[in-house]
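Reading through the structure tokens given below for one structure.
Numbering (our numbering), first residue to last: 10 to 622.
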């Protein structure tokens, strides 16, 4: 009994001692850190630092991509500005380009107008160079950067994916190594405790042999487990060290190097784009310089004297300057005496002066003024002054000759074609060309007739125009005056004929006298001045107004003229009470129409088919 109690107490003491040892070992583990654990802690810190560098690099490369996008947007906006600027310049040039009308054609003969038109053309080319800038910016920078941005984003994503993958792999290996290490540590402690327990059991004489054998087997098993854990931990540690070495000396440096190369390429590409940005402008500078040189040359080609001569030639009328104004001696009225002789002389003077008209200061006429309001004027340009009429007729003749040459060229070409058809019938029927040849022949005959007509008018104008040697000749409206002194009696007659009853000068009397002299063209004396012959045709009545046809009139009877409803005509003779009004359509067509069929508008100064010239 006592022996059993002693064995129980021995077991309790052993258990308490084992528990106390375990507690002391735990306290020592908590207080002391092995050098290996310090290494592992340092390794963990290094890995954390590496992960932080990945985060920093990721932020930096993302900022680099955003910078490329910002620069690409900047170039796009610059390109849009160039396009809009070129568009505005082109619209400006188009706005001031000459229109297809006679006014612009007249302006083109002046050097300053031609210089302006040249400037507009050069400005249009200048706008084209800005369009070239926009196109080059789009093709050489914007398109390239857009494609490069996609490649850059894909490359960056791939590198950071590889880095994250390598980081995750080394972290998982580290966790597995920690697991192996803890298992090896635990198995070693279990083996030590089992060995100590076996030794105590073996030393105790009170323990049965079976318990000692059981403790021995347990110690051996724990020792074997510790050995296996040690081998596993050693193998995995060696593997982890190799992987860690590859990770920090090969994999991560390679990834960092790729990121560095990517960043350098990005920066280099930005530099190339900036250089291209400047080169795009530099490439168009020579052409822009030529445009500016063209503008300068156009400005230097302006010739003021030539332009002024053009104005003189354009508006030179061909009229002769008026003659000298006669001296009218009104002092003779103070010396008149009341006598039969003087009275008879005064009556004769009045009769003589009444037959004279006051000379005009300048031969401007109002004849064809309505033709300018209703249309382009008569076909023979008789509404124009002699010099301008001559130029218009000559220009018309030149145009007709050009048309004749064109028709002749067509006739020659068709004649050659017909000859080819005659020689080679398989190529075509010669008779198929005859209708066209006949039509061209008729056109040539019509054009030649027109040329002859205009040449006749031109010859008439040139015959009536004064020569340079007669430039000092007085106008036909003025009577020639001798170089001798005028007698007092002539002065008295002139003074009486040009004076009103109260002694004042009046111009209306002279105008009326002149109008009466030209009322009936058949009564014009043979001594009519040359100037009147130049501008008033003996067989052509002057227009005294206009009329508008209210109804259509067929005009079958001789002396009448057919009119259409709404047609505008010239009135050359009023209705004399017989219900007919004489009108004119053009220089060759005139006749009578019923007065009730038209609405007449006469000039304010027209009365009884009379007009002032």
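Where is the CB? At the ideal position from N, CA and C, for every residue including glycine.
C-beta atoms of residue i and residue j nearer than 8 angstroms
| i | j | result |
| --- | --- | --- |
| residue 120 | residue 322 | no |
| residue 406 | residue 456 | no |
| residue 235 | residue 189 | no |
| residue 243 | residue 192 | no |
| residue 582 | residue 611 | no |
| residue 224 | residue 206 | yes |
| residue 444 | residue 431 | no |
| residue 249 | residue 182 | yes |
| residue 401 | residue 393 | yes |
| residue 141 | residue 281 | no |
| residue 132 | residue 102 | yes |
| residue 298 | residue 127 | no |
| residue 419 | residue 449 | yes |
| residue 590 | residue 569 | no |
| residue 571 | residue 563 | yes |
| residue 580 | residue 600 | no |
| residue 220 | residue 210 | yes |
| residue 175 | residue 260 | yes |
| residue 130 | residue 387 | no |
| residue 118 | residue 435 | no |
| residue 124 | residue 307 | yes |
| residue 271 | residue 168 | yes |
| residue 264 | residue 138 | no |
| residue 70 | residue 156 | no |
Residue i, DSSP secondary structure in three states
| i | result |
| --- | --- |
| residue 554 | strand |
| residue 154 | helix |
| residue 319 | helix |
| residue 71 | helix |
| residue 627 | Because the chain here runs from 10 to 622, residue 627 falls outside it and cannot be looked at. |
| residue 63 | helix |
| residue 569 | strand |
| residue 265 | helix |
| residue 338 | coil |
| residue 456 | helix |
| residue 208 | helix |
| residue 410 | helix |
| residue 311 | coil |
| residue 405 | helix |
| residue 375 | For residue 375, the predicted model reports a pLDDT of 40, less than 50, meaning its position is unreliable and no value from the coordinates is stated. |
| residue 169 | helix |
| residue 333 | coil |
| residue 392 | coil |
| residue 450 | helix |
| residue 433 | coil |
| residue 597 | coil |
| residue 549 | coil |
Residues bridged to residue i (per DSSP)
| i | result |
| --- | --- |
| residue 577 | 557 |
| residue 610 | 555 |
| residue 589 | 603 |
| residue 562 | 572 |
| residue 582 | 591 |
Residue closest to residue i, alpha-carbon to alpha-carbon, out of the options
| i | options | result |
| --- | --- | --- |
| residue 267 | 172, 84, 408, 458 | 172 |
| residue 154 | 392, 167, 184, 75 | 75 |
| residue 228 | 253, 215, 254, 200 | 200 |
| residue 559 | 553, 552, 232, 578 | 578 |
| residue 451 | 436, 187, 416, 85 | 416 |
| residue 178 | 256, 318, 107, 161 | 256 |
| residue 310 | 472, 150, 122, 202 | 122 |
| residue 160 | 461, 334, 468, 275 | 275 |
| residue 91 | 334, 286, 586 | 286 |
| residue 588 | 390, 597, 607 | 607 |
| residue 145 | 68, 441, 467, 84 | 84 |
| residue 556 | 597, 586, 609 | 609 |
| residue 66 | 441, 170, 156 | 170 |
| residue 98 | 253, 135, 186, 78 | 135 |
| residue 158 | 340, 80, 194 | 80 |
| residue 576 | 460, 463, 602 | 602 |
| residue 269 | 116, 63, 105, 108 | 63 |
| residue 73 | 273, 454, 301 | 273 |
| residue 277 | 565, 77, 586 | 77 |
>> I'd like the ranges of any alpha helix (DSSP H) spanning at least 4 consecutive residues and lying wholly in the region 80-133.
In response: Fully enclosed alpha helix (DSSP H) runs of 4 or longer: 111-116.
> What alpha helix (DSSP H) runs, 4 residues minimum, are completely inside the region 235-309?
Replying inline: Segments of the alpha helix (DSSP H) lying fully in the region 235-309: 261-309.
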